[in-house]
Amino acid sequence: MQGEAAAFDAKHTADKNLKEEHLRLFRPNLENPANKEATKELNEKEQQRCEEFKELIDDTQLNLLTAEEETSQLFHVAYLNNVRAMIAIFDKLIPRTDFIMLPGDEIVEKKHANIKMLTA
Amino acid sequence: MESADLSKRSTRKWPGLGPNVFIVDYGALFEDFKEFKDDEEDAAEATAPPTQPPAKGKGAEAEAPKKDDAKDNEIACEVEVQNTDHHKAIIKARNEYYQAFKDRFQLSLAATMAKYDALRKEENRFNQYWASNLAEITKKHI
Numbered sequence: 000m001q002g003e004a005a006a007f008d009a010k011h012t013a014d015k016n017l018k019e020e021h022l023r024l025f026r027p028n029l030e031n032p033a034n035k036e037a038t039k040e041l042n043e044k045e046q047q048r049c050e051e052f053k054e055l056i057d058d059t060q061l062n063l064l065t066a067e068e069e070t071s072q073l074f075h076v077a078y079l080n081n082v083r084a085m086i087a088i089f090d091k092l093i094p095r096t097d098f099i100m101l102p103g104d105e106i107v108e109k110k111h112a113n114i115k116m117l118t119a
Numbered sequence: 000m001e002s003a004d005l006s007k008r009s010t011r012k013w014p015g016l017g018p019n020v021f022i023v024d025y026g027a028l029f030e031d032f033k034e035f036k037d038d039e040e041d042a043a044e045a046t047a048p049p050t051q052p053p054a055k056g057k058g059a060e061a062e063a064p065k066k067d068d069a070k071d072n073e074i075a076c077e078v079e080v081q082n083t084d085h086h087k088a089i090i091k092a093r094n095e096y097y098q099a100f101k102d103r104f105q106l107s108l109a110a111t112m113a114k115y116d117a118l119r120k121e122e123n124r125f126n127q128y129w130a131s132n133l134a135e136i137t138k139k140h141i
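Each protein sequence line maps, in turn, to chains A and B. The first sequence maps to residues 0 to 119 in numbering that gives the first Met the number 0. The second sequence maps to residues 0 to 141 in numbering that gives the first Met the number 0.
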């Protein structure tokens with residue numbers, strides 16, 4: 000996805016430069032009938048640039064959405080498998096509370112270290 | 000039975016998170032895909048989908064969730080697990096991180112759409128500007 004976006008950014012920069020170049024050439028002197036052919040040529044170039052850039056936008060947008068969807072589907076499958084595995088593992092584990100008490104397992108209270116604490 | 004202590008039950012049911020949301024609805028996002036989507040829906044209604052035998056081998060695990068989407072899917076559907084703190088933690092983590100990824104997915108789609116739609120809009124605006132200026136310039140080209 001990052002590669003796709005980076006490739007688009009590079010082409011976008013090139014397109015921006017071309018667009019600025021076309022705008023620079025798009026001068027009022029083209030009004031002169033003598034420049035009819037030049038105007039026509041410039042307009043054709045600009046229309047071609049515009050079409051190509053729009054196609055690039057469409058393709059990139061679609062590719063990014065598709066990549067996002069595919070990655071997320073992979074995540075979904077992995078996540079589902081992970082949840083199943085976790086449940087299966089913990090189904091097999093014996094919780095601490097299920098162990099019975101054996102002689103000697105009584106909770107031994109901690110004795111105070113200092114007699115002064117008891118008499119205070 | 001309803002007054003019984005639920006913590007003493009051996010199993011507990013947890014609600015599902017709904018159907019798989021990681022699907023891009025191209026028909027809703029693009030006008031051009033709308034007709035295509037409608038055609039697909041019509042075709043799907045006309046012919047019932049063929050039932051595939053369960054895949055075996057390497058790809059079997061990856062295919063399983065699609066098959067299980069309707070039922071027996073631990074994410075989409077209600078799941079009944081043992082009533083322990085561990086299982087509770089699993090389900091809570093499942094919900095939390097699924098929601099987090101779902102939000103990220105939707106944000107990512109929205110960001111992609113917004114960025115490229117804005118570029119397309121700007122290109123159309125520039126094209127109109129160019130066309131109107133060209134019309135002004137070529138008035139004298141007879």
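Positions of the beta carbon are idealized from the N, C-alpha and C atoms, including for glycine. For clarity, every value in this text was computed on a predicted model and none was experimentally measured.
Run down chain A in chain order and give the residues with a C-beta less than 8 Å from the C-beta of residue i.
{"i": "A139 of chain B", "result": "The amino acid occupying residue 139 of chain B in the given sequence is Lys; Ala does not appear at that position. Within 8 Å Cβ-Cβ: E30, N31, P32."}
{"i": "S107 of chain B", "result": "E67"}
{"i": "K73 of chain B", "result": "In the sequence as displayed, the identity of residue 73 of chain B is Glu instead of Lys. Here the neighbours are L79, V82, R83, I86."}
{"i": "T111 of chain B", "result": "Q60, L63, L64, E67"}
Would you mind working out which of the options sits nearest residue i, comparing C-alpha positions?
{"i": "E95 of chain B", "options": "B:L16, B:S9, B:K12", "result": "B:L16"}
{"i": "E45 of chain A", "options": "B:E135, B:K138, B:W129", "result": "B:W129"}
{"i": "Y78 of chain A", "options": "B:N72, B:E30, B:D116", "result": "B:N72"}
{"i": "S71 of chain A", "options": "B:Q98, B:I89, B:D84", "result": "B:Q98"}
{"i": "R119 of chain B", "options": "A:Q60, A:E105, A:L29, A:K39", "result": "A:Q60"}
{"i": "T65 of chain A", "options": "B:L108, B:I136, B:R8, B:D116", "result": "B:L108"}
{"i": "K15 of chain A", "options": "B:F21, B:E122, B:Q127", "result": "B:E122"}
{"i": "K7 of chain B", "options": "B:A117, B:D84, B:A92, B:N132", "result": "B:D84"}
{"i": "Q47 of chain A", "options": "A:E67, A:R95, A:H21, A:E69", "result": "A:H21"}
{"i": "A113 of chain B", "options": "B:S131, B:D24, B:L28", "result": "B:L28"}
{"i": "K138 of chain B", "options": "A:T38, A:K91, A:E30, A:I99", "result": "A:E30"}
{"i": "E125 of chain A", "options": "A:N80, A:E108, A:L73, A:F7", "result": "For chain A, the structure presents residues 0 to 119; residue 125 of chain A sits outside this window and is missing."}
{"i": "Y25 of chain B", "options": "A:D104, A:E67, A:E108", "result": "A:E67"}
{"i": "P14 of chain B", "options": "B:K91, B:D4, B:V23", "result": "B:K91"}
Strictly below 7 Å CB to CB, what residues from chain A border residue i?
{"i": "L133 of chain B", "result": "N42"}
{"i": "N126 of chain B", "result": "C49"}
{"i": "R119 of chain B", "result": "K53, I56"}
{"i": "R11 of chain B", "result": "In chain order: nothing, as chain A lies at least about 12 Å away."}
Which whole-angstrom value describes the C-beta separation of residue i and residue j, a residue pair presumed to lie in contact below a C-beta threshold of 8 Å?
{"i": "L41 of chain A", "j": "F25 of chain A", "result": "7 Å"}
{"i": "T10 of chain B", "j": "E79 of chain B", "result": "5 Å"}
{"i": "I74 of chain B", "j": "V82 of chain A", "result": "6 Å"}
{"i": "I106 of chain A", "j": "I89 of chain B", "result": "The Cβ separation is near 30 Å, so there is no contact."}
{"i": "F104 of chain B", "j": "F21 of chain B", "result": "6 Å"}
{"i": "M0 of chain A", "j": "L63 of chain A", "result": "6 Å"}
{"i": "K35 of chain A", "j": "H140 of chain B", "result": "5 Å"}
So with CB distances below 7 Å, who are the chain B contacts of residue i?
{"i": "R23 of chain A", "result": "Near R23 of chain A there are no residues of chain B at all, since even the closest Cβ is about 13 Å away, more than 7 Å."}
{"i": "Q72 of chain A", "result": "F21"}
Can residue i be considered in contact with the ligand FAD, in the sense that its beta carbon sits closer than 7 Å to one or more heavy atoms?
{"i": "L133 of chain B", "result": "In terms of ligand content, the structure shown is empty, and the ligand FAD therefore cannot be addressed."}
Run down chain B in chain order and give the residues with a C-beta less than 8 Å from the C-beta of residue i.
{"i": "T38 of chain A", "result": "L133, I136, T137, H140"}
Kindly list, in the order they appear in chain B, the residues whose Cβ is closer than 9 Å to that of residue i.
{"i": "L92 of chain A", "result": "T83, H85"}
query: Which residues, taken in chain order from the stretch 76 to 87 of chain A, show a beta carbon closer than 8 Å to some beta carbon of chain B?
result: V76, Y78, L79, N80, V82, R83, M85, I86
task: Only counting runs of 3 or more residues, tell me where the beta strand (DSSP E) segments fall wholly within the stretch 56 to 136 of chain B, in order along the chain.
output: 78 to 81
query: Relative to chain B, which residues along the stretch 2 to 16 of chain A have a C-beta separation below 7 Å, given in chain order?
result: none
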